[in-house]
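Data block below; observations after.
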Amino acid sequence: TAQVVSGGKTTTSGTLVQDEIWSGNIRVTGDVVIPERITLVIQPGTIITFTPNSSDNDVKIPVLEKLGINKCNLLVKGNLRIEGEKDNKVIIGELVYDVNRQTTITWGGIIFEGVNAVSIVRHAKIRYADVAIVCLGSSSPKIVNNTIGENDVGVMTFGFSSPRINENKIHHNALWAISCYDYSFPMISKNIITASLVGIGSQDFSFPTISYNTLRGNKVGILFQDSSG
Numbered sequence: 160t161a162q163v164v165s166g167g168k169t170t171t172s173g174t175l176v177q178d179e180i181w182s183g184n185i186r187v188t189g190d191v192v193i194p195e196r197i198t199l200v201i202q203p204g205t206i207i208t209f210t211p212n213s214s215d216n217d218v219k220i221p222v223l224e225k226l227g228i229n230k231c232n233l234l235v236k237g238n239l240r241i242e243g244e245k246d247n248k249v250i251i252g253e254l255v256y257d258v259n260r261q262t263t264i265t266w267g268g269i270i271f272e273g274v275n276a277v278s279i280v281r282h283a284k285i286r287y288a289d290v291a292i293v294c295l296g297s298s299s300p301k302i303v304n305n306t307i308g309e310n311d312v313g314v315m316t317f318g319f320s321s322p323r324i325n326e327n328k329i330h331h332n333a334l335w336a337i338s339c340y341d342y343s344f345p346m347i348s349k350n351i352i353t354a355s356l357v358g359i360g361s362q363d364f365s366f367p368t369i370s371y372n373t374l375r376g377n378k379v380g381i382l383f384q385d386s387s388g
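Heads up: the sequence shown is residues 160 to 388, going by the numbering used here.
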């Protein structure tokens, strides 16, 4: 378990310069970068909201450049520990209807790069994002016991990432609940995946391990394309 000492600082836009602990109500105004060797811990009951469709610190995102345009993201190159509890969840994203864009999708997502060996997202409710969680490179966060809903996409994996996606409720995402690409190796088990266009999608030589999931009410349950496992 990571040792984290809070100096009381909360970085709501820009790059963390030391380990931080977030609690209470946090309003993020721009891309927040957690660099290598830095850990951000988010405590139970924390509510994180974002300036809708706006960012005062746009950082270019590898792979999904559109996520980096005028939307807030959390970019994790070090470690992120979202430590919600069953009866005291971390809430990420708020319902705001953007009249101009005619959408409730108002922030980018949580983007894991690097190894992220001790990163975990546990007992969080993540909603209203372009992609709630993106895993790139060799990232391997644990994503367990969350509710991931009402995003465009729930979870996307790329490029040798190997997250463990276990025991989540992933529902009402407009496109994919989970989408795997580019030699990624996610372990997807014991999730309840409902009411999305595609429950689990795999393409571009990705090799997900899929076991003991419940899929219902999706237009397509599982979709394999382009030499995927």
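Backbone N, C-alpha and C fix where the C-beta goes; we use that ideal spot for every residue, glycine too.
Since we're looking at a predicted model, the values are computed, not measured.
Range of the contiguous beta strand (DSSP E) that encloses residue i
i, result
"Trp181", "Glu179 to Trp181"
"Lys301", "Lys301 to Val303"
"Glu242", "Asn238 to Glu242"
"Lys284", "Ala283 to Arg286"
Neighbour-count burial assignment, residue i, 16 or more Cβ in a 10 Å radius
i, result
"Val235", "buried"
"Ile264", "buried"
"Asn259", "exposed"
"Pro345", "buried"
"Glu179", "buried"
"Tyr371", "exposed"
"Gln384", "exposed"
"Glu224", "exposed"
"Thr160", "Note that Thr160 scores a pLDDT of 38, beneath 50, so its modelled location is shaky; the value from the coordinates is reported in the next line. With fewer than 16 Cβ atoms within 10 Å of its Cβ, Thr160 is classed as exposed."
"Thr316", "buried"
Closest by C-alpha distance to residue i, when choosing among the options
i, options, result
"Glu242", "Ile207, Ile279 and Thr262", "Ile279"
"Ala276", "Cys294, Pro300, Val290 and Leu295", "Pro300"
"Ile228", "Gly173, Lys245 and Gly189", "Gly189"
Whole-Å CB distance - residue i paired with residue j, under 8 Å assumed
i, j, result
"Gly183", "Thr205", "6 Å"
"Ile324", "Ile352", "That belief does not hold up - the Cβ atoms of Ile324 and Ile352 are roughly 10 Å apart, past 8 Å."
"Ser348", "Phe319", "20 Å between Cβ atoms; not a contact."
Beta carbon of residue i nearer than 9 Å to that of residue j
i, j, result
"Asn332", "Glu309", "yes"
"Val290", "Val255", "no"
"Leu175", "Pro194", "yes"
"Val222", "Leu334", "no"
"Ile329", "Gly360", "no"
"Val200", "Val218", "no"
"Asn232", "Ser213", "no"
"Ile207", "Ile251", "yes"
heavy atom of the ligand PLP below 8 Å from residue i C-beta
i, result
"Phe344", "Of ligands this structure carries none, so the ligand PLP is not represented either."
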